[in-house]
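Just so you know, we're using my numbering here: the sequence shown kicks off at 389 and counts up by one. The C-beta atom is built at its ideal place from N, Cα and C for all residues, glycine as well. On a predicted model such as this, the values are computed, not experimentally measured, just so you know.
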Amino acid sequence: MSNFIVRKAAVLGAGVMGAQIAAHLVNADVPVVLFDLPDREGDPNGIVRKALDGLKKLEPSPLGAKDKVAYIDAANYESGLELLRGCDLVIEAIAERMDWKHDLYRKVAPFIAPHAIFATNTSGLSINRLAEPLPAGLRGRFCGVHFFNPPRYMKLVELIPARHSDAAMLDNLESFLTTTLGKGVIRAFDTPNFIANRVGVFSILAVMHHTERLGLGFDTVDALTGPLIGRPKSATYRTADVVGLDTLAHVIKTMEDNLAADPWHKYYKAPGWLQLLIQKGALGQKTKAGIYRKDGKEIKVVDLGLQDYRAAAGQVEPEVEAILKLKNPAEKFDKLCAHSSPQAQFLWAIFRDVFHYVAVHLGDIADNARDLDLAMRWGFGWAQGPFETWQAAGWQAIADAVKQDIAAGRAMAQAPLPAWVFDGRQGVHGKAGSWSAKESADRPRSALPVYRRQYFPERVLGEAQDAGETLFENEGVRLWRTGDELGRRVAVASFKSKGGAIGPEVVEGMLEAIARAEKDYSALVIWQPQPPFSFGANLKAMSGFIQNRDFAAFEQFGKRFHEMVLRIKYAQVPVVAAVNGMALGGGCEIVMHAARTVAAFESYIGLVEAGVGLIPGGGGCKEIALRAHQTALATANKDLMQTIQPMFMTVAQATVSKSALEARELGFLRPADQVVFHADELLHAAQRTALGMAEAGYRPPLPPRGIRVAGRPGIATLELALVNMRDGGMISEHDYKVGRALAVAVCGGEVEAGTLVDEKWLLAVEGQQFIALLQTEKTLARIKHTLETGKPLRN
Ligand code: NAD
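Laid out in structure tokens, this is it:
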């Protein structure tokens, strides 16, 4: 396969999806030309410019760093088409109308470069029909790429080949979407709404059908169909409001128009009440009213009985909730099925009809059951796909129950379950792969080379998993290695504590892991199998010390923590931190001391100790002072405050980065640290980086001698800002006290400006300030409150 290089991309359509896809491309350093119709008034690129302004305001942000938006050029189809010639990838994301898309394809085709890939982000129109007006030479390079909203955060992209799509082109695009954009790619067939929307929308229709049949409230159904059954908080009806009720109706209509022979066809219709809301212009979140409406502070919900909005309440019956909390899935389904309350019957019915639906349709809509399950996890945020849920609950028992309900006319359709369901199997996922109804065989995972970069791809239930070989283990840390060539050279340390919390056992485990890596390996990677990287010091483990006011024990732990970060920094082999998700407090301090960090794009890094009335006590303040010194050496005016001031504000406000790119802007990541877009490639990238450093003859840095600190004048400068904030009522007296302690620590103590110190000195100053704060009642109250409630206390 020759290299597929995307120097520049074009996105056609600057609407909700087009603008956000463009944003994610520039996040990944792919410059973009974003097109829309010419604006008839003023600037001809006005529509795109408005969309770019919108991107900067959208929450959660589609941009990993605000300044990236500068790499999106605005264009229109009248004067800008020549710009298309310079693009290697063109993604169309205009309104969902076959005729409009066809018109546009005729217009742009002559300008698409002879090697470029052309892909459509349609939600469900036929890719083969869309391809019809394309010239023969372009058809081989055309396919569907279906992103989910919001495209930065939703992992799923469905890749849909058309009849003439070139196989190597599809492989290239799949690899690009995976590694460069960090997406989970699932290949889908050219069937209406593809996989995730087909099943997801049917699931919504089933929920709507049973809501009405059992006379439940929309709010009650949302309480039932959210986290309690492993689905997002927005559950069903709130999700519909977020998506837009008109958009939902549109996707349903695609199924109505194109699936006439489907056994569930009569349900492919927006219910009357939904059509009525749309007619009234209540389209959901975008029109401020839909199934839900906010009246002042009160949230109201449509009540079908009242034909009006009423206050939303939505309670799950305690007995039903107890069933849903059962750990054993077989028992859970047994009890749901047998319980007579409408809530339990509702839940059984929505699961049953989806099981029935996916079994009947698996062969036409997906290559195999794993693809369908992962599509539902990544596209709809379900914790498990429907086949996994079925398999976990006991394949045969569920199959028999579904069959009985079909026979008794209780299921939504009469179509029998396919014969393979009853061939004696225990499920559809196993060690040999996942069941393909189309091929009547178990299918292994894709052999595309890009997936060799994923040592631990997200697995479905029942799939084989290689856990690697353990080298050493204590209560806090597992030192292990992967079974491949890289594993022979690079050891991996993973924290065993919940949320990667760092207590004494993690510190001791890390000290041992480093010693072993130095002895037997070329490098060490710190990586966690699941995000977060670490929520920071284990306050819970420390609460004993706190309750007994045993500050000496605390001080001792602090000293060992310092030893650990210094060992990380000065180990004889490179220690690389592989971060995914949150790295807070102590977790961030480990990152700051690693020889290099490789961070997943969705990394949220920060020193948040101020929230509990403390300052970073694990070398974080020391690193800020040291980095200020090192940066100042390289600048003309040698000003330490240039680094200290912004980092002081960041730490004083407990700011956490909203992406790895922002972590770099905030100074937690260094310019040489790497960003990886696909979290499942993180371990591989970190191992490679670590080995590369070792191969290049890695030596730890020499401990800096003569660190110049800002001292008293620096403290005074920072204090001035604090005084203003306190007197302006923006911060409390205790915030001021915490801020001042931080100022002292990052300025190297109350010494003359320009005093030369070493790391030991800086750590001692940091430690003193930390312990002094810990001895204040207000800090102790903050810690206690956070431990009890998980929330910060302002005092
Ligand atoms: P949108 O309405 O926000 O934006 C559509 C854009 O198309 C607008 O900028 C508009 O100016 C432009 N446009 C309209 N008519 C046009 C024409 N005749 N020629 C050229 N441009 C025209 O829509 P969206 O939600 O961004 O959807 C775009 C595509 O993405 C659709 O195919 C949709 O099905 C698909 N999609 C949407 C979502 C979603 O959640 N919104 C998710 C996945 C895929």
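Near ligand 1: residue i beta-carbon under 7 Å from a heavy atom
{"i": "M764", "result": "no"}
{"i": "I592", "result": "no"}
{"i": "G406", "result": "yes"}
{"i": "G532", "result": "no"}
{"i": "E861", "result": "no"}
{"i": "T510", "result": "yes"}
{"i": "F582", "result": "no"}
{"i": "D578", "result": "no"}
{"i": "N537", "result": "yes"}
{"i": "A403", "result": "A quick correction: the sequence has Gly, not Ala, at residue 403. Yes, the Cβ of G403 comes within 7 Å of a heavy atom of ligand 1."}
{"i": "W488", "result": "yes"}
{"i": "V399", "result": "no"}
{"i": "D610", "result": "no"}
{"i": "D1027", "result": "no"}
{"i": "I479", "result": "no"}
{"i": "T635", "result": "yes"}
{"i": "V631", "result": "yes"}
{"i": "L662", "result": "no"}
{"i": "D491", "result": "yes"}
{"i": "A483", "result": "yes"}
{"i": "I460", "result": "no"}
{"i": "D424", "result": "yes"}
{"i": "I435", "result": "yes"}
Unbroken beta strand (DSSP E) run spanning residue i, endpoints
{"i": "I479", "result": "477 to 480"}
{"i": "E863", "result": "Per DSSP, E863 belongs to no beta strand (DSSP E) and is neither H nor E."}
{"i": "S991", "result": "984 to 994"}
{"i": "L849", "result": "No beta strand (DSSP E) holds L849; DSSP gives it neither H nor E."}
{"i": "I505", "result": "505 to 508"}
{"i": "N581", "result": "Note, N581: premise wrong, no beta strand (DSSP E); not H, not E."}
{"i": "A462", "result": "460 to 464"}
{"i": "A829", "result": "829 to 831"}
{"i": "G572", "result": "572 to 575"}
Beta-bridge pairing of residue i - partner residues as DSSP gives them
{"i": "I548", "result": "G532"}
{"i": "D487", "result": "Paired residue(s): none; D487 is not in a bridge."}
{"i": "H817", "result": "S822"}
{"i": "F883", "result": "V865"}
{"i": "G973", "result": "According to DSSP, G973 bridges with nothing at all."}
{"i": "R698", "result": "V689"}
{"i": "L400", "result": "F423, E480"}
{"i": "T1184", "result": "Since the first residue shown for the chain is 389 and the last is 1183, residue 1184 is missing from the structure and cannot be characterised."}
{"i": "W915", "result": "A966"}
{"i": "G797", "result": "According to DSSP, which records beta bridges pairwise, G797 is partnered with nothing at all."}
Range covered by the alpha helix (DSSP H) that runs through residue i
{"i": "N537", "result": "From DSSP, N537 is part of no alpha helix (DSSP H); its letter is neither H nor E."}
{"i": "G897", "result": "892 to 908"}
{"i": "V953", "result": "939 to 958"}
{"i": "Y680", "result": "No alpha helix (DSSP H) contains Y680, which is instead part of the beta strand (DSSP E) from 680 to 683."}
{"i": "Q1062", "result": "Premise fails: Q1062 lies in the beta strand (DSSP E), 1062 to 1064, not in any alpha helix (DSSP H)."}
{"i": "N1112", "result": "1099 to 1115"}
{"i": "G442", "result": "434 to 445"}
{"i": "D607", "result": "606 to 612"}
{"i": "A1009", "result": "One point to set straight first is that residue 1009 is Cys, not Ala, in the sequence displayed. Element bounds for C1009: 1008 to 1021."}
{"i": "P659", "result": "That residue, P659, is in no alpha helix (DSSP H); it is neither H nor E in DSSP."}
Sequence-distant residues of its chain with Cβ nearer than 6 Å to residue i (five each side left out)
{"i": "T1038", "result": "L1054"}
{"i": "R527", "result": "A519, H552"}
{"i": "S591", "result": "V742"}
{"i": "T1019", "result": "T1031"}
{"i": "E707", "result": "none"}
Residues near residue i by beta carbon distance below 7 Å, same chain, minus five either side
{"i": "R1182", "result": "S1120"}
{"i": "T566", "result": "V573, V838, H1066"}
{"i": "G818", "result": "D830, G850"}
{"i": "V1063", "result": "A987, F989, A1048, L1049"}
{"i": "Y843", "result": "T870, L1071, H1072"}
Sequence-distant residues of its chain with Cβ nearer than 8 Å to residue i (five each side left out)
{"i": "D938", "result": "G932"}
{"i": "E846", "result": "G572, L762, R765, D1068"}
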